[in-house]
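Visitor: Position one of the sequence shown corresponds to residue 98 (this note's numbering), numbered consecutively onward.
We put the beta carbon where it would ideally sit given N, CA and C, even for glycine.
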Amino acid sequence: MIIVHHLENSRSQRILWLLEELGLDYEVRRYARDPKTMLAPPELRAIHPLGKSPILEEEAVTYVESGAIMAQLAERHGRFGPPEDPVGARRWHQYMHYAEGSLLPPLFAMLVVRKLGLLGLPARKPIAGRIHEQLRFVEGELEGRDWFCGDELTAADMMMSFPLEAAGSRIDDMAATYPAIRRFLERCHARPAYQRALARGGEYAYAG
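Okay, here's the thing in structure tokens:
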């Protein structure tokens, strides 16, 4: 039995989406963020020392890190992994890491400085510049294509979905400024498996 320890409004929504696309049976254990700190609750530390979501349990093995979980699921079940063509495979590996390694850090930094109020104002403009630099790159990568790695949805697209959804809450007029990204997210949100994952996961602020 697969168990997903799922934190509201978090990266773990992608894990539910992949599980739905794969048609696997799984149990969702939901956790709410601390209303003051917005951090994961301490109960998650009982599952894994880092106390962060997503955490996936299967056959007495505990898995952490979104990219590692998704790559392991794709490999085990033979779907949504790297395409067979070398270019698509290279892009798959790139975006499986780029989502967390390059795109998400400035988005997280913007979240932090906004919580600082007036103290964070001086940092907002340079961080916004870094975010737009990343989004311009992604926009160019999506122009003329439906998915990041080729003609079919892969786990790399699912990895990219969360930071691009989160960017919409950090950047004004993102949908109008980056139409290729907007269309990509619309394709993601229209998938029946994505909608089923939303129903299983509960509140998710970034899907609309």
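Suppose you measure from the CA of alanine 157 to the CA of leucine 115; what does that come to, to the nearest Å?
Guide: If you take the alpha carbons of alanine 157 and leucine 115, they lie about 21 Å apart.
Visitor: Quick check on the burial criterion: 16 or more other C-beta atoms within 10 angstroms. Buried or exposed for glutamate 262?
Guide: The residue is buried, with at least 16 neighbouring Cβ atoms inside 10 Å.
Visitor: Are the Cβ atoms of glycine 198 and valine 209 separated by less than 9 Å?
Guide: No, these two residues do not count as a Cβ contact at 9 Å.
Visitor: Please state whether the Cβ-Cβ distance between glutamate 137 and serine 107 is less than 9 Å.
Guide: Here residue 137 is alanine; the residue named in the question, glutamate, does not match the sequence. Yes, they are a contact pair.
Visitor: According to DSSP, histidine 102 sits in a beta bridge with which residue or residues?
Guide: DSSP lists Arg126, Ile152 as partners of histidine 102.
Visitor: Just checking my contact of glutamine 231 with proline 203 at CB under 8 Å: how many whole Å lie between their CB atoms?
Guide: Going by Cβ atoms, the distance from glutamine 231 to proline 203 rounds to 7 Å, so yes, they are a contact pair.
Visitor: Considering only the beta carbon of each residue, do isoleucine 112 and leucine 170 sit closer than 9 Å?
Guide: Yes, they are a contact pair.
Visitor: Could you tell me the distance, in whole angstroms, from the CA atom of aspartate 248 to the CA atom of cysteine 285?
Guide: The straight-line gap from Cα to Cα measures roughly 14 Å.
Visitor: Just the Cα atoms here: how many angstroms apart are leucine 215 and methionine 193?
Guide: Leucine 215 and methionine 193: Cα-Cα distance of roughly 35 Å.
Visitor: Roughly how many angstroms separate the alpha carbons of alanine 264 and leucine 282, rounded to a whole number?
Guide: Taking the straight line from one Cα to the other gives about 11 Å.
Visitor: If you drop the 5 nearest sequence neighbours on each side, which residues of the same chain put their C-beta closer than 6 Å to that of arginine 267?
Guide: Correct list, in chain order: Leu204, Met207.
Visitor: As an exercise, report each continuous beta strand (DSSP E) stretch of at least 3 residues that is fully enclosed by the region 125–211, in chain order.
Guide: Those beta strand (DSSP E) runs which fall completely within the region 125–211 and span 3+ residues are 152–155, 158–161.
Visitor: For alanine 129 versus glutamate 154, is the C-beta distance shorter than 9 Å?
Guide: Cβ atoms of alanine 129 and glutamate 154: not closer than 9 Å.
Visitor: Does alanine 309 pass the burial test, meaning 16 or more other C-beta atoms within 10 Å, or should it be called exposed?
Guide: Beyond the ends of the chain as shown, which are 98 and 305, falls residue 309; an answer cannot be given.
Visitor: Could you give the C-beta distance for leucine 141 and lysine 133, rounded to a whole number, given that I count them as a contact under 8 Å?
Guide: Their Cβ separation, rounded to whole angstroms, is 17 Å, which puts leucine 141 and lysine 133 out of contact at 8 Å.
Visitor: According to the neighbour-count rule (16 or more other Cβ atoms, all chains shown, within 10 Å of its Cβ), is phenylalanine 259 buried or exposed?
Guide: So phenylalanine 259 counts as buried.
Visitor: At which residues does the alpha helix (DSSP H) containing alanine 277 begin and terminate?
Guide: From DSSP, the alpha helix (DSSP H) with alanine 277 extends over 276–287.
Visitor: Taking DSSP as the reference, what is the three-state secondary structure of leucine 213?
Guide: Leucine 213: coil per DSSP, three-state reduction.
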